[in-house]
Every structure is written in structure tokens, then in C-alpha cells.
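A.B. asks:
Numbering (our numbering), first residue to last: 7 to 424.
Rendered as C-alpha cells:
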């Protein structure tokens with residue numbers, strides 16, 4: 007494998023060391039965009055219309071994070087398997103489950119199928135991050151990731167609009183739409199199966215990957231531990247809102263499928279694309295930790311606006327504005343957090359660092375909906391829950407500010423030079 011040192015000066019203009027990885031990543035992001043636009047904006051509202059209880063909605067909210075919980079295990083097997091083949095097989099298996107929706111007509115099987123699909127899809131992220139580190143020149147990791155995410159957002163916009171219109175006309179059309187999307191996404195994951203193993207996939211011995219190794223890493227790398235804690239606080243709160251949001255949209259705000267598509271499937275992804283472009287550019291000259299801190303504070307605006315939505319004549323306007331602001335800032339969190347982790351990780355230890363990161367993502371993704379469901383069943387008004395969420399997100403911003411302040415002397419060394 008070609009090393010970073012052997013690249014010519016013009017290598018900064020060459021996005022990848024492996025063209026097959028570039029093609030596989032491009033097709034995978036197209037598949038992700040189709041699924042994100044045609045399916046994910048509607049599953050909560052659709053399950054509610056099918057009669058899903060708040061507890062089923064809470065289970066549905068946890069779906070993506072079951073896969074993240076498996077991230078630690080995935081990191082442990084990362085040096086026994088080809089990262090590309092593992093990534094492709096998990097993607098194909100996840101999207102194959104969408105074919106089952108041909109015969110699904112009630113809330114329980116609907117929720118269980120979505121949970122299984124998103125759990126498998128979430129598990130593959132450890133392998134994508136590892137492939138990014140192994141195949142992409144360090145100076146262009148952030149720009150390449152930015153454009154891949156923009157591609158996914160661009161694909162998701164028309165998909166969300168078309169499916170939203172179709173479901174408002176005939177809500178049972180998901181029995182055709184979901185299987186078609188599943189087959190298309192499976193085909194788009196096939197190029198990942200052709201990726202060859204690279205040198206970094208064999209740098210660490212299997213015996214060093216395990217719970218003890220992860221515990222020792224956190225115990226000795228105090229800065230990474232502080233990052234994990236601050237990130238956990240700041241991103242836990244938004245997970246509290248996931249199970250109550252479909253209830254809020256359907257029972258309180260009375261939004262239609264087309265309204266949900268506009269706010270969360272069109273405007274949200276469009277602003278996410280803008281966010282990827284903006285934050286990807288900022289990462290060229292600004293330390294990732296500073297961007298994390300700023301985005302964490304700004305992310306508190308969505309729950310504030312959503313809490314105020316019932317008080318205005320057109321609640322959809324505040325829902326859409328809140329979602330747009332959230333998507334812009336969460337893209338900064340995503341890009342900056344990946345860059346910070348890749349920079350913190352020692353050579354050859356990327357899967358372990360990413361495994362710990364995704365493990366904690368899974369924990370908060372399951373803990374958050376449980377808290378949200380408990381508050382809802384305790385008859386706490388949904389608007390009050392959103393105010394609580396805003397306060398916790400702001401506390402996460404303060405934690406990230408403290409981390410950035412205590413490590414200010416080393417931030418310049420962590421700036422992404424794309």
C-alpha cells in the first residue's frame with residue numbers, strides 16, 4: 007500500500023489512495039441517501055398511524071443504536087476480517103430486511119423489522135471509519151467525507167418528497183416502496199465486497215482487541231475519555247426526544263406525511279448538505295474541538311423552537327426552522343468528531359477508538375429514549391420535555407468548552423489541514 011509520505015506534493019488534490027474505495031464509498035452514500043430520504047423520515051409517524059404504543063415507539067427510536075452498541079464487538083473482530091467485505095455484507099443484510107415489508111400490515115412487525123435493519127446498518131460504521139483512515143490521505147479525509155455526505159443529502163431530497171406525496175395519497179404504498187428501496191440499496195453495496203485488504207488491517211494482533219484493552223485505553227488516554235464524556239452529555243438529550251417526536255407530530259401538531267417530509271426529509275437534509283460544505287471548509291483551518299464546542303451550543307435551538315411550536319398559528323414553520331438549524335450543526339459535530347477521533351487514535355488502533363465511540367453512541371441512543379418514555383408516561387408535558395432537552399444540550403456545550411479550554415495548547419496540532 008502506498009504511504010502518505012510517498013505521495014507527491016500534488017497528492018493533496020488526489021482524494022484517495024484507493025480508487026475502488028472511492029467508488030464503493032460513493033455508491034454506499036447514494037444508498038444511504040435513498041434510505042434516509044424514502045424511509046427514515048416516515049417510520050415513526052407511520053408506526054404511530056399503524057397503532058404503535060409509546061413503548062414500541064421508544065424501541066423504534068433505539069433502533070440505530072443497537073448497532074452502535076455492537077461497535078465494540080465489531081472493533082474486536084476488525085483484524086480477523088476484511089473491513090470492506092464486512093462493511094458490504096452488513097449493508098446488504100440490513101437493506102435485505104426491507105423486502106419483508108411486502109407483507110407487513112401492523113405496528114409490531116413493522117417496528118421489529120426497522121429495528122433489525124437499523125441495528126445492522128449501525129454496526130457497519132466502525133468499518134467505514136477504519137476504511138476511511140486506511141484508504142484516504144489524511145489531508146483530504148474531511149473534504150472527501152464532506153462531499154460523500156453532500157451526495158447522500160442530494161439523493162435523499164427528491165426521495166423524501168416523492169415518498170411523502172405517495173404516502174399521503176395511499177399510506178399502504180410502503181409495501182411497495184420499502185422493498186424497491188431495499189433491493190436498490192443492496193445492489194449499491196456490492197462494490198464494497200471487492201475491496202482488497204490494506205496494510206493497516208493487519209497491524210494489530212487479535213489478542214490486543216477486547217474489553218480489557220478498551221478499558222486500558224480509556225484509563226491511560228485521559229483526553230479521549232474526557233472527549234467521550236463531554237460528547238455523551240451533549241448528544242444524550244436529543245435522543246430523549248426521539249420516542250415522543252412522532253406523538254408530538256401526530257397527536258399535538260397534527261402534521262401530515264407531506265409536512266413531515268418537508269421538515270425532516272427535504273429542508274433538514276438540504277441544510278445538512280449546506281452544513282457539510284460549510285463545516286468541511288472550516289475544518290481546513292479550525293481545530294475540530296472548537297467546532298465541536300460551537301455546534302454543541304447551537305444544537306440547543308431545535309428543542310427550544312419545537313417547544314414553542316404549539317403557541318404559533320403555523321407550527322410547521324418552527325418545526326422546520328428547528329430541524330434546519332439542528333441539521334446544520336449536527337453535521338459539524340459528525341465531521342469534527344470523526345476527525346478528532348482519527349487524530350487521537352494511535353496508528354493501527356483506529357477500530358478500537360471508533361469502537362469505543364460507537365459503543366457510547368449506542369448506550370446513549372438506548373438510554374435517551376428510555377428517559378423520554380419515562381417522562382412521557384409520568385405525564386410530563388411534551389413541551390416541558392423539550393425545554394429539559396435544551397438545558398442538557400447546553401450543559402454538553404459547556405463540557406465541550408471546558409475540554410477545549412483545558413487542551414487549548416494542543417488544539418493547533420489537531421487542526422485538519424485539508
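Backbone N, C-alpha and C fix where the C-beta goes; we use that ideal spot for every residue, glycine too. Keep in mind it's a predicted model, so treat the numbers as computed, not measured.
Would you give the residue range spanned by the alpha helix (DSSP H) that residue 35 belongs to?
C.D. replies: First-last of the alpha helix (DSSP H) with residue 35: 25 to 44.
A.B. asks: Whose CA, out of 399, 198, 107, 328, lies closest to the CA of residue 130?
C.D. replies: Out of 399, 198, 107, 328, 198 has the C-alpha closest to the C-alpha of residue 130.
A.B. asks: Going by alpha carbons, who is nearest to residue 340 out of 372, 110, 135, 93?
C.D. replies: For residue 340, the nearest C-alpha among the options comes from 135.
A.B. asks: Which first and last residues belong to the alpha helix (DSSP H) in which residue 326 is found?
C.D. replies: Taken as a continuous stretch (DSSP letters only), the alpha helix (DSSP H) holding residue 326 covers 321 to 350.
A.B. asks: What separation, rounded to the nearest whole angstrom, lies between the Cα atoms of residue 296 and residue 289?
C.D. replies: So the two alpha carbons sit approximately 10 Å from each other.
A.B. asks: Mapping the DSSP letters down to three states, classify residue 384 as helix, strand or coil.
C.D. replies: DSSP places residue 384 in coil when its eight states are reduced to three.
A.B. asks: Using 9 Å as the threshold, is the C-beta distance between residue 183 and residue 45 below it?
C.D. replies: Yes, the Cβ-Cβ distance between residue 183 and residue 45 is below 9 Å.
A.B. asks: Only counting runs of 4 or more residues, tell me where the alpha helix (DSSP H) segments fall wholly within the region 254 to 300, in order along the chain.
C.D. replies: Counting only runs of 4 or more, we get 263 to 266, 274 to 288.
A.B. asks: With H, G and I counted as helix, E and B as strand and the rest as coil, what does DSSP make of residue 20?
C.D. replies: With a pLDDT of 43 at residue 20, under the threshold of 50, the modelled position of this residue cannot be trusted; read the value that follows with caution. Three-state DSSP puts residue 20 in coil, outside helix and strand.
A.B. asks: Below 8 Å on the Cβ atoms is my contact criterion, and I expect residue 277 with residue 308 to pass it. Report the Cβ-Cβ distance as a whole number of Å.
C.D. replies: About 12 Å; that fails the 8 Å criterion.
A.B. asks: When you compare only the Cα positions, how much space is there between residue 54 and residue 178?
C.D. replies: Cα-Cα distance, rounded: 14 Å.
A.B. asks: Within the chosen definition, does the region 261 to 274 reach the region 164 to 176 through at least 3 CB pairs nearer than 8 Å?
C.D. replies: A contact exists between the region 261 to 274 and the region 164 to 176.
A.B. asks: Could you pull out every residue in the same chain whose Cβ sits closer than 6 Å to the Cβ of residue 57, ignoring the five residues on either side in sequence?
C.D. replies: Cβ neighbours of residue 57 beyond the five flanking positions: 113.
A.B. asks: For the alpha helix (DSSP H) containing residue 175, list its first residue and its last residue.
C.D. replies: 147 to 175 is the span of the alpha helix (DSSP H), which, as asked, contains residue 175.
A.B. asks: Would you kindly work out how many angstroms separate the C-alpha atoms of residue 407 and residue 181, rounded to a whole number?
C.D. replies: Computed Cα separation, rounded: 47 Å.
A.B. asks: Using the Cβ count rule (16 or more neighbours within 10 Å means buried), how would you classify residue 15?
C.D. replies: Low confidence applies here, because residue 15 scores a pLDDT of 39, under 50, leaving its location unreliable; read the following figure in that light. By the neighbour-count rule (16 or more Cβ atoms within 10 Å), residue 15 is not buried but exposed.
A.B. asks: What residue range does the alpha helix (DSSP H) around residue 311 cover?
C.D. replies: Residue 311 -> alpha helix (DSSP H) spans 307 to 314.
A.B. asks: For residue 104, name the three-state secondary structure that DSSP assigns.
C.D. replies: Residue 104 falls in the helix class under three-state DSSP.
A.B. asks: Do three or more CB pairs link the region 309 to 322 to the region 392 to 402 at distances below 8 Å?
C.D. replies: Taking 8 Å as the limit for Cβ pairs, the verdict is that the region 392 to 402 does touch the region 309 to 322.
A.B. asks: Am I right that residue 3 and residue 87 are in contact with their C-beta atoms under 8 Å? What's the rounded C-beta distance?
C.D. replies: Here the chain covers residues 7 to 424 and nothing more, so residue 3 does not appear.
A.B. asks: If we ignore side chains and look at the alpha-carbon of each, how far apart do residue 100 and residue 362 end up?
C.D. replies: Looking at the two C-alpha atoms, the distance is approximately 22 Å.
A.B. asks: Return the Cβ separation of residue 404 and residue 321 in integer angstroms, given the expectation that the two are a contact with Cβ distance under 8 Å.
C.D. replies: So it is not a contact: roughly 30 Å between Cβ atoms.
A.B. asks: Judging by CA-CA distance, which residue of 122, 411, 384 is the nearest neighbour of residue 96?
C.D. replies: Checked all of 122, 411, 384; the closest Cα to residue 96 is 122.
A.B. asks: May I have the straight-line CA-CA distance separating residue 364 from residue 170, to the nearest angstrom?
C.D. replies: For residue 364 and residue 170, the distance between alpha carbons rounds to 31 Å.
A.B. asks: Return the chain-ordered list of same chain residues with a C-beta closer than 7 Å to the C-beta of residue 117, the five sequence neighbours on each side being excluded.
C.D. replies: Taken in chain order, the residues that qualify are 53, 58, 62, 65, 66.
A.B. asks: If residue 74 sits next to residue 350, beta carbons under 8 Å apart, how far is it from one beta carbon to the other, in whole angstroms?
C.D. replies: No, residue 74 and residue 350 are not in contact; Cβ-Cβ is about 18 Å, not under 8 Å.
A.B. asks: Quick check on residue 47: buried or exposed, where buried means 16 or more other Cβ atoms within 10 Å of its Cβ?
C.D. replies: Buried, because 16 or more other Cβ atoms sit within 10 Å of the Cβ of residue 47.
A.B. asks: So, with DSSP's three-state summary, where would you put residue 88?
C.D. replies: The answer is coil: DSSP assigns residue 88 none of H, G, I, E or B.
A.B. asks: So, at 6 Å on beta carbons, what are the nonlocal neighbours of residue 231 in its own chain, with the 5 sequence-adjacent residues on each side left out?
C.D. replies: Result list for residue 231: 224, in chain order.
A.B. asks: Out of curiosity, what's the CA-to-CA distance linking residue 359 and residue 326?
C.D. replies: Roughly 35 Å separates the two Cα atoms.
A.B. asks: Under 8 Å Cβ to Cβ from residue 32, same chain only, skipping five residues before and after it: list those, please.
C.D. replies: Excluding residues within five positions, the ones whose Cβ falls inside 8 Å are 154, 157.
A.B. asks: Could you give the first and the last residue of the continuous alpha helix (DSSP H) run that contains residue 237?
C.D. replies: Counting along the chain, the alpha helix (DSSP H) containing residue 237 begins and ends at 228 to 246.
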